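Residue numbers (this note's numbering): 48 to 545. Structure, as structure tokens:
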Amino acid sequence: MTWREYHESTKHSVESLRRAAHVLDWANMPDPFRHYEGVPVLDLPADPPIPETPTLEVLHGASGASPAGDGSTFLSQLLFYSAAISAAKRVPSTGDRYALRVNPSSGNLHPTEFHFLTRGVKDWPDGLYHYRPSAHMAEQRAQGGVELRLAGNSAPIVFVLTSIAWREAWKYRDRAYRYCLHDVGHAWQALALAARAIGCDSFAIGHFPDDEVARVCRLHDDEWPMLIVELGGRPIPVREPHVCEPRAGGAVWYGGHANLLSREGIAYPRIDGIHGATKLSDSAFRGISPVEPPPSGSGKIKLPPSTSSGRTFGEVARMRRSALDFLGGVQSISLAQLSAILAVTNRPVCADFGGARFIQLYLYAHRVDGLEIGVYRFWPEPSELEQTRCGDQRVAAAGLSLAQELAGNACVAFSMIGDIERAVRAHGDRGYRYVHFEAGAIGHRLYLAAEALGLGATGIGAFYDEEVHRYLNLAPEQGQVVYHFAIGYPAADPRLEA
Ligand SMILES: Cc1cc2nc3c(=O)[nH]c(=O)nc-3n(C[C@H](O)[C@H](O)[C@H](O)COP(=O)(O)O)c2cc1C
């Protein structure tokens, strides 16, 4: 299985959807919460300090500050604003409630798990932990020094984000691996931006030997390590060098028993195939290669300065929701708002694979003041728009997104075009992951920018791939559509609770 075989075989078309209708087996739905049972569980204090820096400033690279004086408060703050439960929905027909989190997830199935290693953090034992969002607690899987070979520098906190592909495959079958990668991109940015909002730096490592990391972290075999995120910076409360950790040196392992997520796991050989194709083995592992720069260009429409917003990171991160639909009608956004939204997509990503960007944005402008309706290509370097189509795009945008009306009712919808060929030329099939991580990362920034501006947003993983390419007039070498997105005025969602 190569990336191309996987990608081609998981494209949606009217025919592919008709051919393979799928009925969800609700009785076998995977548990969205993983627990490693039988290990010590450490409390993360309730009501950690709120990151007060305005969200748009954080998205533009500004750092906040954390008043947390000890490890547990610091970790609580970090996770409360990146991965915790933040709301609930109630199904009107059954009365069943389900949880929503700070990080979004396709189908709310949450394939991404957050593990973290700590060393030298004040009043917090060194060790390996798994975050338990259902209780906002840390499961201590090992106490003492656990060393990841690649993250062997001095970072006091190192996250390992993993994917449980079965959670997504239960609903999306073979296409699910794409969504797992997007989800990791969202989770990474949720974490990196929360870290920045509390004054920390982060650096993501996508290039690591997979089996080695899984072995060091003793992951259950349904969890695949996808991204390592190192955190550093002064706000992390660290112990004085002379204060010894009681169990310094080798680790004491508690491990824990991973809970069973479903009655029956169903095998998806294509997902195993693409995961295998994008893995790095210990022997093949080398440093990451440089990448050719993306194509450059310009457009006739210069974007005005961005509008500002004072909404704090703490408020926006926890209020962020996916809109079920948008209001449509006549209410528009301003060009300065669109400018603010686009500006956040082009900030550097702090990652070993972040040297050159792989995603190009196309916009379906439905209702933006001062912008003729049509399709535009966004050129980030001069911050200009190039119009590629004229006329009303609402039916097309919805139709291309698998007839989801929200893409037509939004003020603006997006196609993210990934230059997978260029990524793979530099990184081999591993590059397939990086393109999707970047798309998820951009999506997460779009969610937060929209929320900061009082708008709503929704990530859209379902689209007719080849129809999008035809509609946008893309030559094969220009890339593949990897993610859709919509931003506008959200319709009220009666299922949403606090
Ligand atoms: C990668 C990805 C793909 C998604 N695709 C769709 C989609 O095609 N249609 C849709 O209505 N929502 C989509 N969503 C939104 C999710 O359904 C939503 O994130 C989830 O229900 C959790 O709700 P929340 O974002 O409010 O926390 C997607 C989200 C992500 C992260």
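We treat Cβ as the ideally placed atom computed from N, Cα and C, and that holds for glycine. Quick caveat, the model's predicted, so the values are computed rather than measured.
Residue range 421–426 is occupied by the beta strand (DSSP E) that includes W426. Remark: the shortest separation between the CB of D512 and any heavy atom of ligand 1 does not fall under 7 angstroms.
The straight-line gap separating the alpha-carbon atoms of N393 and G475 is approximately 24 angstroms.
Nearest in C-alpha terms to H254, of all of D117, N520, K326, V285, is K326.
I489 sits away from I388, with the two beta carbons spaced by 8 angstroms or more. In this structure, S381 has its beta carbon at no less than 7 angstroms from each heavy atom of ligand 1. Here the distance from the Cβ of D221 to the nearest heavy atom of ligand 1 is not below 7 angstroms. DSSP lists G279 as the bridge partner or partners of D248.
The beta carbon of A509 sits closer than 7 angstroms to at least one heavy atom of ligand 1.
Taking all protein chains in view, the Cβ of H69 is surrounded by fewer than 16 other Cβ atoms within 10 Å, so the residue is classified as exposed. In this structure, the beta-carbon distance from A496 to L106 falls below 8 angstroms. For K218, the enclosing alpha helix (DSSP H) begins and ends at 212–219.
By the 16-neighbour rule on beta-carbons within 10 angstroms, R414 is buried.
Nearest Cα to E452 within the set V396, A509, R469, Y409: A509. One thing to note: E485 has its Cβ no nearer than 8 angstroms to the Cβ of R367.
The segment 312–323 makes contact with the segment 220–233: 3 or more CB pairs, one atom from each, lie closer than 8 angstroms.
Here the distance from the Cβ of L502 to the nearest heavy atom of ligand 1 is not below 7 angstroms. Nearest in C-alpha terms to F250, of all of E524, H183, F400, E99, is F400. Out of R137, A390, L175, the CA that lies nearest to the CA of T354 is found in A390. Going by beta carbons, V285 and P203 fall inside the 8 angstroms limit. Within the same chain, and ignoring the five residues on either side of H59 in sequence, the residues whose Cβ sits closer than 8 angstroms to its Cβ are R222, L449, A509, F510, Y511, D512. When the alpha-carbon of V61 is set against those of L447, F532, D439, the nearest one is in L447. Remark: the C-beta of S110 is outside contact range of ligand 1, defined as less than 7 angstroms to any heavy atom. Proximity to G323 across G142, R480, L278, D117 peaks at R480, based on C-alpha coordinates. Distance from V205 to F163 at the Cβ level is roughly 7 angstroms; contact confirmed, criterion being Cβ atoms closer than 8 angstroms. The C-beta separation of L228 from H491 comes to about 13 angstroms, leaving the pair out of contact by the 8 angstroms criterion. The beta carbon of T57 is closer than 6 angstroms to those of D221, R222 in its chain, skipping five residues each way along the sequence. For E485, the enclosing alpha helix (DSSP H) has its first and last residue at 477–499.
Taken in chain order, the complete alpha helix (DSSP H) segments of 4 or more residues contained in the segment 304–333 are 316–324.
Within its own chain, the residues whose Cβ lies closer than 8 angstroms to the Cβ of H183, once the five positions on either side in sequence are excluded, are L91, A93, S123, L126, F127, A131, I132, listed in chain order. Sequence-distant Cβ neighbours of P340 in its own chain, meaning closer than 8 angstroms and more than five residues away, are A403.
Distances from the alpha-carbon of E514 to those of V471, A443, L543 put A443 closest. The DSSP-derived three-state label of L432 is strand. Note that the C-beta distance between E259 and I211 is not below 8 angstroms. With respect to the 8 angstroms criterion, T49 and F360 are not classified as neighbours on the basis of their beta carbons. Secondary structure in the segment 334–415: the alpha helix (DSSP H) runs of 4 residues or longer, each lying completely within the stretch, are 360–366, 382–390 in chain order.
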